[in-house]
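Numbering-wise (my numbering), the sequence shown opens with residue 3 and increments by one. Using N, Cα and C, we set each Cβ at its ideal position, and we do this for glycine too. These figures come from a predicted structure and were not determined experimentally. Quick notes on the structure that follows.
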Amino acid sequence: MSQTFMLEPEIIAAAANVLPDLNNDLVLAKNFLKQQSGATGDTLYDHMVDVVHKILSQKPPDVVDNFEQYSWQVKQEKFRPNFDLLNDIYLAPSQLALIRRMDEMFRLVASKSQRMEDVGEEEQELDLEEDSLRPRIADIIEHNYYFRECGYGLSEQECYAVYIALNMLAIKEPVATIRFFGKIFGTKANYYVAETDLTIEELDRRIREFEMKDMPGEGEGGEEDRAQEIEEQKEMMGEGEAKEEKPKEPVPPKLPPIPESTWQPPPIIPVERPGQGVNKKTYYVCNQPGEPWVCLPDVIPHQIRVARLSVRCMTGDLDAEVITYPPFEGTERNYLRAQLARIQAATSVSPQGFYTFGSGEEEEDIDLEEGAGDMAFNPNPFYQGHTLKDLVDSNLTYWVHHGRHILKQGRTIWWNPNAGLDEAVEEEEDEGLQPMEPESGPSLFTPLSEDGRLEGQNAWSARVSSTLVPDKAVAYLRSNIWPGAVAYSTTGKKSECMYVGLGLKYQPPNFSPLQLPRPQEEYAIGPEVMEMADPTFADEEAYRIAHLPPPPPVLQGEGEGEGLPEEEEEED
3 MSQTFMLEPE IIAAAANVLP DLNNDLVLAK NFLKQQSGAT GDTLYDHMVD VVHKILSQKP
63 PDVVDNFEQY SWQVKQEKFR PNFDLLNDIY LAPSQLALIR RMDEMFRLVA SKSQRMEDVG
123 EEEQELDLEE DSLRPRIADI IEHNYYFREC GYGLSEQECY AVYIALNMLA IKEPVATIRF
183 FGKIFGTKAN YYVAETDLTI EELDRRIREF EMKDMPGEGE GGEEDRAQEI EEQKEMMGEG
243 EAKEEKPKEP VPPKLPPIPE STWQPPPIIP VERPGQGVNK KTYYVCNQPG EPWVCLPDVI
303 PHQIRVARLS VRCMTGDLDA EVITYPPFEG TERNYLRAQL ARIQAATSVS PQGFYTFGSG
363 EEEEDIDLEE GAGDMAFNPN PFYQGHTLKD LVDSNLTYWV HHGRHILKQG RTIWWNPNAG
423 LDEAVEEEED EGLQPMEPES GPSLFTPLSE DGRLEGQNAW SARVSSTLVP DKAVAYLRSN
483 IWPGAVAYST TGKKSECMYV GLGLKYQPPN FSPLQLPRPQ EEYAIGPEVM EMADPTFADE
543 EAYRIAHLPP PPPVLQGEGE GEGLPEEEEE ED
């Protein structure tokens with residue numbers, strides 16, 4: 003006992019001379035965690051590394067509450083066979099594809115600009131000629147600055163991406179001018195819309211294709227008519243032979259005549275050719291800047307008339323089906339094109355004098371049937387601007403429409419359905435019937451003061467971007483009929499309009515779709531077709547009794563002869 007008691011102070015002194023080593027302790031702890039399990043051969047250290055890696059890669063909201071679940075999932079994954087490669091599949095994020103498309107767009111535009119800078123001095127003269135042929139792109143970055151001053155427009159990053167996308171459109175498509183029309187919101191994706199003018203060569207090519215469609219081939223039409231005539235003759239011959247071979251049948255009862263429909267389809271309104279009327283401009287759309295631009299087809303009058311009677315939000319898919327009543331001809335790309343034509347006709351506004359007719363001729367000097375309302379106009383080089391007070395005037399007399407009005411026919415130029423029926427028109431006039439009067443609408447550069455009012459308020463609302471700094475302020479208009487349509491103007495020579503919205507027109511009352519037409523009378527009302535109540539059992543029984551055959555008559559001689567044998571039998 004004495005020796006043991008004497009050694010304890012020595013052990014305490016030796017332990018006191020040794021300082022704690024952190025690295026040594028970590029190595030000992032790590033070796034302890036790396037002890038392998040006798041059943042599976044795994045170590046706690048490797049298991050903890052896998053669990054932490056899984057948590058950091060997935061970043062769940064509640065890690066502490068689900069820590070045991072992640073530990074159990076890591077253990078389960080180790081029991082999978084080695085040839086299972088589903089764990090190693092890499093799923094690229096959705097933003098990566100968009101970034102790659104935008105990078106390709108930036109590289110294309112950058113290579114084009116670099117090629118222009120590397121041109122030598124000898125080719126400068128050729129470049130000057132090419133500059134006149136290059137597409138003119140409206141400066142959306144400058145215009146967007148003024149729209150943002152008014153509280154509208156796109157973000158800076160989005161605006162820059164759209165501007166680069168417009169440059170890509172100028173490189174890939176045969177266009178002469180490009181302007182950013184606006185943005186249409188959809189349920190699945192949005193549409194960025196570019197308004198363009200085609201080059202002269204491309205426009206001539208499309209006009210030739212349009213004329214070839216309207217002119218059917220003589221050989222094809224003749225062969226089809228002949229084939230129809232031959233089939234009708236064969237049917238007639240077959241019916242005649244069958245009638246001769248069939249035996250005579252009893253004459254069927256007389257039935258009312260088969261009704262004939264008196265409904266006549268309305269005349270087909272012709273389509274305005276490319277570069278004219280509602281097809282004056284060509285529109286390209288894409289879902290995201292960097293994606294390829296898609297050219298929308300030309301619009302037909304029937305599509306515009308049906309679009310006026312229906313309300314439908316865009317989906318972002320150009321091939322989506324459009325289910326409306328009246329039925330719409332085409333897919334969403336055609337419906338989008340019809341809505342763009344309506345928006346462009348109603349919301350294209352500018353200060354008075356900002357645009358002028360190129361030739362200087364008056365609109366009244368143009369023939370109504372050949373080009374009224376379809377005259378070309380250009381920016382006025384002598385425009386000096388208006389004061390801010392005039393631009394914000396509530397009467398809106400200093401703002402005009404430069405969009406072509408769409409008539410009820412769905413065209414900007416009225417089409418006369420009686421153009422080829424001069425004799426019929428003369429007969430109607432002799433009988434006292436009035437022929438169809440031509441439609442007319444407001445002409446180009448009509449002041450906004452003549453627009454109709456909407457529930458007691460003006461169709462447009464004029465505002466000022468800032469009242470604190472009048473010298474830097476901008477006047478802007480906001481459409482109350484087409485929510486999302488905005489136009490601005492400075493006191494100088496800058497003005498532009500843009501649309502960012504759902505592509506729907508404002509309707510004061512609740513929307514009610516067009517009702518179905520009343521059905522026509524199939525048969526004339528008469529005893530042959532009148533409905534009667536079914537007879538009851540008592541009526542049928544009374545009818546049966548009333549129509550029973552009478553009993554056979556009884557003769558006197560026959561009655562006496564029959565009674566004699568019975569009396570004799572009784573006597574016997």
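Exposure of residue i, with buried meaning 16 or more beta-carbon neighbours within 10 Å
{"i": "residue 321", "result": "exposed"}
{"i": "residue 455", "result": "exposed"}
{"i": "residue 459", "result": "exposed"}
{"i": "residue 420", "result": "exposed"}
{"i": "residue 185", "result": "buried"}
{"i": "residue 263", "result": "exposed"}
{"i": "residue 552", "result": "exposed"}
{"i": "residue 159", "result": "exposed"}
{"i": "residue 453", "result": "buried"}
{"i": "residue 536", "result": "exposed"}
{"i": "residue 182", "result": "buried"}
{"i": "residue 549", "result": "exposed"}
{"i": "residue 346", "result": "buried"}
{"i": "residue 303", "result": "buried"}
{"i": "residue 291", "result": "buried"}
{"i": "residue 55", "result": "exposed"}
{"i": "residue 542", "result": "exposed"}
For residue i, three-class secondary structure by DSSP
{"i": "residue 287", "result": "strand"}
{"i": "residue 532", "result": "coil"}
{"i": "residue 388", "result": "coil"}
{"i": "residue 157", "result": "coil"}
{"i": "residue 263", "result": "coil"}
{"i": "residue 487", "result": "strand"}
{"i": "residue 554", "result": "coil"}
{"i": "residue 145", "result": "helix"}
{"i": "residue 210", "result": "helix"}
{"i": "residue 380", "result": "strand"}
{"i": "residue 138", "result": "strand"}
{"i": "residue 32", "result": "helix"}
{"i": "residue 166", "result": "helix"}
{"i": "residue 173", "result": "helix"}
{"i": "residue 527", "result": "coil"}
{"i": "residue 56", "result": "helix"}
{"i": "residue 69", "result": "helix"}
{"i": "residue 403", "result": "strand"}
{"i": "residue 92", "result": "coil"}
{"i": "residue 456", "result": "strand"}
{"i": "residue 545", "result": "helix"}
Closest by C-alpha distance to residue i, when choosing among the options
{"i": "residue 414", "options": "551, 388, 282", "result": "282"}
{"i": "residue 336", "options": "349, 351, 316", "result": "316"}
{"i": "residue 396", "options": "49, 440, 451, 416", "result": "451"}
{"i": "residue 406", "options": "342, 116, 393, 189", "result": "342"}
{"i": "residue 47", "options": "40, 55, 36", "result": "36"}
{"i": "residue 195", "options": "289, 163, 144", "result": "289"}
{"i": "residue 331", "options": "349, 312, 348, 318", "result": "312"}
{"i": "residue 526", "options": "259, 449, 440", "result": "259"}
{"i": "residue 265", "options": "350, 519, 554, 208", "result": "519"}
{"i": "residue 410", "options": "386, 510, 387, 440", "result": "440"}
{"i": "residue 524", "options": "261, 57, 192", "result": "261"}
{"i": "residue 198", "options": "284, 136, 138", "result": "284"}
{"i": "residue 299", "options": "314, 275, 39", "result": "275"}
{"i": "residue 389", "options": "318, 475, 325", "result": "475"}
{"i": "residue 466", "options": "391, 357, 555, 500", "result": "391"}
{"i": "residue 381", "options": "399, 355, 402", "result": "355"}
C-alpha gap between residue i and residue j, whole angstroms
{"i": "residue 103", "j": "residue 293", "result": "6 Å"}
{"i": "residue 151", "j": "residue 205", "result": "38 Å"}
{"i": "residue 339", "j": "residue 61", "result": "45 Å"}
{"i": "residue 516", "j": "residue 305", "result": "15 Å"}
{"i": "residue 69", "j": "residue 52", "result": "12 Å"}
{"i": "residue 362", "j": "residue 445", "result": "Because residue 362 sits at a pLDDT of 43, beneath the cut-off of 50, its placement in the model cannot be relied upon, and the following sentence gives the value as read from the coordinates. Going from the Cα of residue 362 to the Cα of residue 445 covers about 16 Å."}
{"i": "residue 81", "j": "residue 334", "result": "51 Å"}
{"i": "residue 65", "j": "residue 164", "result": "42 Å"}
{"i": "residue 348", "j": "residue 511", "result": "20 Å"}
{"i": "residue 471", "j": "residue 496", "result": "18 Å"}
{"i": "residue 78", "j": "residue 25", "result": "34 Å"}
{"i": "residue 223", "j": "residue 271", "result": "Its pLDDT being 45, under 50, residue 223 is placed unreliably in this model, and the coordinates cannot settle the point."}
{"i": "residue 367", "j": "residue 491", "result": "In this prediction, residue 367 scores a pLDDT of 41, lower than 50, which makes its location untrustworthy; the coordinate-derived value is nonetheless stated afterwards. If you take the alpha carbons of residue 367 and residue 491, they lie about 31 Å apart."}
{"i": "residue 107", "j": "residue 40", "result": "59 Å"}
Chain D contact for residue i (CB, 7 Å cutoff)
{"i": "residue 471", "result": "Considering every chain present, this structure includes no chain D. It has just one protein chain."}
Which runs of the alpha helix (DSSP H), 4 residues or longer, sit entirely within the stretch 269-351?
For secondary structure counted as the alpha helix (DSSP H) over 4 or more consecutive residues, the stretch 269-351 holds these complete runs in sequence order: 303-310, 334-349.
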